[in-house]
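There are 2 protein chains.
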Amino acid sequence: MQKKVREEAKRKFIEFLEKKDFRITNQRRIIIDTVFSTDKHFTAEQLLDWAREKDKSVSRATVYRTLPLLTESKLVHEMDFGKPYKFYDPNYSDSPNHNHLICEDCEKIVEFDSDKIEKIENEIGHKLGFTVKSQNLQLSASCDVLKSKGACDKKTCD
Amino acid sequence: MQKKVREEAKRKFIEFLEKKDFRITNQRRIIIDTVFSTDKHFTAEQLLDWAREKDKSVSRATVYRTLPLLTESKLVHEMDFGKPYKFYDPNYSDSPNHNHLICEDCEKIVEFDSDKIEKIENEIGHKLGFTVKSQNLQLSASCDVLKSKGACDKKTCD
DNA sequence: GCCTTTGTTGAGACATGGTGTCATTAAGAA
DNA sequence: TTCTTAATGACACCATGTCTCAACAAAGGC
Numbered sequence: 001m002q003k004k005v006r007e008e009a010k011r012k013f014i015e016f017l018e019k020k021d022f023r024i025t026n027q028r029r030i031i032i033d034t035v036f037s038t039d040k041h042f043t044a045e046q047l048l049d050w051a052r053e054k055d056k057s058v059s060r061a062t063v064y065r066t067l068p069l070l071t072e073s074k075l076v077h078e079m080d081f082g083k084p085y086k087f088y089d090p091n092y093s094d095s096p097n098h099n100h101l102i103c104e105d106c107e108k109i110v111e112f113d114s115d116k117i118e119k120i121e122n123e124i125g126h127k128l129g130f131t132v133k134s135q136n137l138q139l140s141a142s143c144d145v146l147k148s149k150g151a152c153d154k155k156t157c158d
Numbered sequence: 159m160q161k162k163v164r165e166e167a168k169r170k171f172i173e174f175l176e177k178k179d180f181r182i183t184n185q186r187r188i189i190i191d192t193v194f195s196t197d198k199h200f201t202a203e204q205l206l207d208w209a210r211e212k213d214k215s216v217s218r219a220t221v222y223r224t225l226p227l228l229t230e231s232k233l234v235h236e237m238d239f240g241k242p243y244k245f246y247d248p249n250y251s252d253s254p255n256h257n258h259l260i261c262e263d264c265e266k267i268v269e270f271d272s273d274k275i276e277k278i279e280n281e282i283g284h285k286l287g288f289t290v291k292s293q294n295l296q297l298s299a300s301c302d303v304l305k306s307k308g309a310c311d312k313k314t315c316d
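Note that the protein sequences, when read in sequence, are chains Y and L. Here our numbering is used: position 80 in the first sequence is 80, and no number is missing along the way. Counting the second sequence from 1 gives a position; our numbering is that position plus 158.
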């Protein structure tokens with residue numbers, strides 16, 4: 001990830017903390033630095049390991065306490081793929097993507113938005129007597145067409 | 159749930175076990191009886207409690223070992239709502255619903271279908287260069303409107 | 001810089017959902 | 001009925017995640 005993007009994310013996080021009257025601690029700085037030194041999705045435990053590589057003083061509790069701040073500030077996306085742990089994704093766009101397509105073949109994860117789907121979801125929720133608060137759409141897909149063209153394999157997809 | 163349905167499910171499960179050369183044990187009989195004595199979704203721990211009400215000899219291990227058999231035999235559907243535990247739904251085999259709405263307030267789960275959403279999903283998948291194989295849509299919702307009308311509370315929702 | 005206030009932290013106990021081990025039990029076959 | 005061995009119960013164990021609390025340190029005032 002580019003340094004510029006990293007610095008920008010850091011600035012946004014500090015801004016978020018200031019707005020909430022939360023303190024800008026070394027640990028929080030280390031964690032956001034760690035998050036934005038990768039493009040990949042990660043788990044809480046991975047983030048803990050990476051952060052502790054940078055600074056042994058970062059504790060598990062702090063990582064688990066900081067992750068909700070990162071998701072609340074929209075700098076990180078929380079994703080659930082039915083595993084007993086969650087995945088997180090550094091998110092530099094402002095779009096509130098909660099829809100993911102996971103390729104069965106190359107494991108690539110694509111985020112996407114759809115106003116149409118969102119609208120239908122709200123309609124259905126309302127019809128059933130509920131107010132939709134959040135949604136999670138997961139598509140399992142195959143890139144075999146791309147693969148046959150030599151355009152998609154483990155290397156190019158990740 | 160009607161007795162007929164329950165008996166039918168039991169028969170199917172026994173058939174499944176026989177095909178796999180698995181033994182038809184008392185515990186497995188108790189567990190499938192328990193599962194199909196309700197229409198409700200349940201968690202593994204709930205199933206354990208219910209089964210133990212019928213027969214104290216059923217152990218946690220056996221419940222956790224039997225659930226994969228039930229999902230494999232398509233008699234029960236496993237659902238993940240991002241909580242640290244899974245939900246299971248009896249009598250799944252007859253309905254192809256993969257969309258669920260779960261109420262944050264009363265934990266009610268509603269299954270629904272939407273051809274419209276499915277169509278859009280396929281379009282999006284194609285646009286991104288993939289073939290959509292399966293999909294999983296979960297809506298987190300609130301029944302507070304119903305609640306304020308006195309139409310929905312823990313009792314009526316479950 | 002030095003205090004003071006108080007949010008934040010690290011360590012580790014704890015909670016919870018689930019798995020593994022192993023001696024014992026019982027299903028199904030002969 | 002006896003034999004073989006899959007299945008079981010009890011419980012230790014694991015993993016992810018949360019909670020508590022004494023100690024620390026950020027931010028602001030002096």
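Here a beta-carbon is modelled for each residue, glycine too, at the ideal position from N, C-alpha and C. Just so you know, these numbers come straight off a predicted model, no measurement behind them.
Please classify residue i: is it buried, with 16 or more other beta-carbons within 10 angstroms of its beta-carbon, or exposed?
i, result
"Asp247 of chain L", "buried"
"Asn26 of chain Y", "exposed"
"Ile24 of chain Y", "exposed"
"Glu173 of chain L", "exposed"
"Arg65 of chain Y", "exposed"
"Gly283 of chain L", "buried"
"Thr192 of chain L", "buried"
"Lys277 of chain L", "exposed"
"Lys56 of chain Y", "exposed"
"Lys162 of chain L", "exposed"
"Lys266 of chain L", "buried"
For a quick check, are the C-beta atoms of residue i and residue j less than 7 Å apart?
i, j, result
"Leu286 of chain L", "Val110 of chain Y", "yes"
"Lys10 of chain Y", "Ile32 of chain Y", "yes"
"Phe87 of chain Y", "His41 of chain Y", "yes"
"Val63 of chain Y", "Leu48 of chain Y", "yes"
"Phe194 of chain L", "Arg164 of chain L", "yes"
"Asn99 of chain Y", "His77 of chain Y", "no"
"Ala51 of chain Y", "Cys103 of chain Y", "no"
"Thr38 of chain Y", "Tyr85 of chain Y", "no"
According to DSSP, simplified to helix, strand and coil, what is residue i?
i, result
"Tyr222 of chain L", "helix"
"Leu17 of chain Y", "helix"
"His256 of chain L", "coil"
"Leu286 of chain L", "coil"
"Lys266 of chain L", "coil"
Let me make sure I understand the geometry here. Which of the options has the alpha-carbon closest to that of residue i?
i, options, result
"Glu121 of chain Y", "L:Ser195, L:Pro226, L:Ser272", "L:Ser272"
"Thr131 of chain Y", "L:Leu297, L:Thr289, L:Gly283, L:Phe288", "L:Leu297"
"Glu72 of chain Y", "Y:Lys19, Y:Cys143, Y:Glu7, Y:Gln2", "Y:Lys19"
"Asp179 of chain L", "L:Leu227, L:Ile275, L:Lys274, L:Pro242", "L:Leu227"
"Val58 of chain Y", "Y:Val35, Y:Arg28, Y:Phe36", "Y:Arg28"
"Lys291 of chain L", "Y:Leu67, Y:Asp105, Y:Phe112, Y:Glu123", "Y:Asp105"
"Leu175 of chain L", "L:Glu203, L:Gln293, L:Leu225", "L:Leu225"
"Gln135 of chain Y", "L:Glu265, L:Leu259, L:Glu281", "L:Leu259"
Q: Only counting runs of 4 or more residues, tell me where the alpha helix (DSSP H) segments fall wholly within the segment 25-95 of chain Y, in order along the chain.
A: Those alpha helix (DSSP H) runs which fall completely within the segment 25-95 of chain Y and span 4+ residues are 26-35, 44-54, 60-72.
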